[in-house]
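Visitor: Just so you know, numbering that gives the first Met the number 0 puts 202 at position 203 of the sequence shown, and the rest follows in order with no gaps.
Quick reminder that beta carbons are idealized off the backbone N, C-alpha and C, glycines included.
Predicted model, so just to flag it, every value in this text is computed and none were measured.
Handing you this structure, nothing more for now.
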Amino acid sequence: MTIHKKTEQIKKYDIDETYDVNVLKMEEDVKIGLEIHCQLTSLQTKLFCSCRSNYRNLKPNMNICPICYGLPGSLPLLNKKAIEYAAMMCISFNCIIPEKIFFYRKNYFYPDLPKNFQITQYNSYELSSIGYDGFLHYGDNNSNGENNSNDKTNRVDNKKVRIKRIQLEEDPGKIVYEYNNSKLTNYCLIDYNRAGVALVEIVTEPDFTDASDVRLFLNKITNIFEYLGVSDPNLEGAVRCDVNVSIRGGKKVEIKNINSFKDVEKSIFYEITRQKTLSVHEIQVKSETRHWDEKRKITSHARTKEEEDDYRYFPEPDIPIIELGSDFKSTLKEIMPELPLERIQRYKDIHKLSDHVSSILVNNKQISDFYEESLKLYNSPKEISNWIINELLSKINDPEERREFELDNPNKNRLFNVNVNPQQIADIAKLVEETSINRNTAKDIFSKSIKTGESPIKLSKSLNVEKIKDLNVLSDHINDILTTEPHLIEQSISNQSINNYILGKVMKKTAGRSDPQITLKLIKEILERNRKQEKE
Ligand SMILES: [Zn+2]
């Protein structure tokens, strides 16, 4: 069946069997660059006016004023906090921050742009955007398993992408398409509530060659946004990504309108295959902007790509040059929140956790914060991290469902969909370390605890699972065994392993609850006493 299909495909294109091989082989010729737009959702107000930054769940066109509406005579006033947040992002991406910055008007006509220009940044006249010439290391944190513990190199962030520039700009409004009986109507609605919201654009060099690397990078940067506390990437539309793809030095194709990171990956796969197929047929790839069709999972022609000249950039006359000064960056660095890399280092240096464990925790800010909360209640980094990673994370969801969830929400977890709080983790770690229960029993208690929300300490008491340390109870068990098998007393003189044999029997009788050290000591004492008595 498959072979038949393939033959048909080859016939259709009238080429030989090298078709599939050609299409799949040339990964090294692919160049992928990204333009990421990140809303500064933590701001109270928009970039140039005092309208609310949080436009979500508001009635259409209720969060607007003459400034964001672009009415004549209105004057923009720059949000100082937005500059700080954008600069923090520049520092995290190792960018140069200039001492002076400036804003420009990018002119284009589009219904979602009330002024017919967007206030943005541009690099010219020796003035630049807030950040440029940066880089970021990223990689596959989860592939660096404990199995590689012999490998001393830090393989967590083994890839690098150059950041061309970071700029601060305003978000346009939103075009809302209307459907009638699932058919697109011939009109659309415009909601300006979003117009003027502070947006940071991050432009990378075309350093990616692979869609899965893009995904890793996007996960990494959204993680950074969360740690910086500048943006919540889980909010719909807060982090958006346009992609440009070219093959073998050919023309660049831009893909817009991609709504999820999963689709970023899919659109790249699609576009690479499309361009390679064209190239195999010696058809030139056109420089164009293509839309990602979410339903059909294909890209389609939207418009020929604008060149920079088309936008007629000119300096924004209503906002003066902003002097950041020479110590701006160093002052900001001092008050900046801890970045993921710094947190990993702290876990390694101070908590003595492995690379692997530290990255799993830090990879998800909610989990990392949860770990720190648990640690405040019971200070044992090894035991606490062990319970979070090996027990809690594996219990949160079944693997398939979890994978799907994580693909859609790279920085979200289902941690708080189960009955778990830091106290439960602290309690279970304490129960195990203070040796009142064994590890297998603790796992059972933990499962029950997150199912019911009940405290592990309470459960351990009510389930009567604490280790038996009572010497009378343990002696009775040992004496019972020696009564049924009296030959053990004689044999124990020449055979040391008899002690362990008896210990095994006691364990069996008590369903593993006997404290092994106390029991073994007691066995030795009782055997010796018995041997003395036999002599007498
Ligand atoms: Zn406004």
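1. Give the secondary structure of H486 by DSSP, where H, G and I count as helix, E and B as strand, and everything else as coil.
2. Please state the DSSP three-state secondary structure of T208.
3. Round the Cβ separation of I31 and V229 to the nearest angstrom and send it over; I've been treating them as touching at under 8 Å.
4. Can you tell me which of the three DSSP states G503 falls into?
5. A210 and E253 - do their beta-carbons sit closer together than 8 Å?
6. Based on the DSSP secondary-structure assignment, which residues constitute the bridge partners of S123?
7. Beta-carbon distances below 5 Å to any heavy atom of ligand 1 define the shell here; list its residues in chain order, please.
8. For a test of the three-state rule: what should DSSP assign to A194, helix, strand or coil?
9. Hey, how far is the Cα of G248 from the Cα of I96?
10. With burial defined as no fewer than 16 other Cβ atoms inside 10 Å of the residue's Cβ, what is the status of I492: buried or exposed?
11. Can you name, in chain order, every residue of its own chain whose Cβ lies under 6 Å from the Cβ of F445, other than the five neighbours on each side?
12. Looking only at its chain, what residues have a beta carbon closer than 7 Å to the beta carbon of L526, apart from the 5 residues adjacent to it on each side?
13. Can you have a look at F369 and say buried or exposed, based on whether 16 or more other CB atoms are within 10 angstroms of its CB?
14. Can E448 and L458 be called in contact, C-beta distance under 8 Å?
15. Give me the Cα-Cα distance between H486 and K507, rounded to the nearest whole angstrom.
16. Could you compute how far the alpha carbon of Y269 sits from the alpha carbon of D241?
17. Hey, how far is the Cα of N378 from the Cα of K442?
18. In its own chain, which residues sit with a C-beta less than 6 Å from the C-beta of Q8, not counting the 5 before and 5 after it?
19. Less than 8 Å separating the beta-carbons of D206 and V160?
20. Which partner residues of N106 appear in the DSSP bridge assignment?
21. Does the separation of the CB atoms of F216 and Y137 fall below 8 Å?
22. By the DSSP assignment, the beta strand (DSSP E) with Q38 in it spans what residues?
23. Excluding the 5 residues flanking K80 on each side, which residues of the same chain have their C-beta closer than 7 Å to its C-beta?
24. Are the beta-carbon atoms of K163 and E204 separated by less than 8 Å?
25. Select from L112, L331 and K375 the residue whose C-alpha is nearest the C-alpha of E168.
26. Pull up the CB-CB distance for Y131 and C94, whole angstroms please, since I reckon it's below 8 Å.
27. How should I383 be labelled, buried or exposed, when 16 other C-beta atoms within 10 angstroms of its C-beta is the threshold for buried?
28. Throw me the rounded Cβ distance for the E322 and K99 pair, which I believe falls under 8 Å.
29. What three-state label does DSSP hand S513 in the structure shown?
30. For D348, does the count of other Cβ atoms within 10 angstroms reach 16, so buried, or fall short, so exposed?
31. Give me the DSSP bridge partner(s) of E168.
32. Closest by CA to K105, which one among S91, F92 and Q120?
33. Grab the span of the beta strand (DSSP E) containing Y178 for me, first residue to last.
34. Assign P65 to one of three DSSP states: helix, strand, or coil.
Guide: According to the structure shown:
1. helix
2. coil
3. Not really, about 25 Å apart at Cβ, beyond 8 Å.
4. helix
5. no
6. L126
7. C48, C50, C64, I66 and C67
8. coil
9. 31 Å
10. exposed
11. E390 and I427
12. I488 and S491
13. buried
14. According to the sequence provided, residue 448 is Ser. The question's Glu does not apply to it. Cβ atoms of S448 and L458: closer than 8 Å.
15. 20 Å
16. 14 Å
17. 20 Å
18. For Q8, the pLDDT reaches just 38, beneath the cut-off of 50, and the residue's location in the model is therefore unreliable, leaving the point undetermined.
19. yes
20. F116
21. yes
22. V29 to Q38
23. L42
24. yes
25. L112
26. 6 Å
27. buried
28. 6 Å
29. strand
30. exposed
31. L198
32. Q120
33. K173 to N179
34. helix
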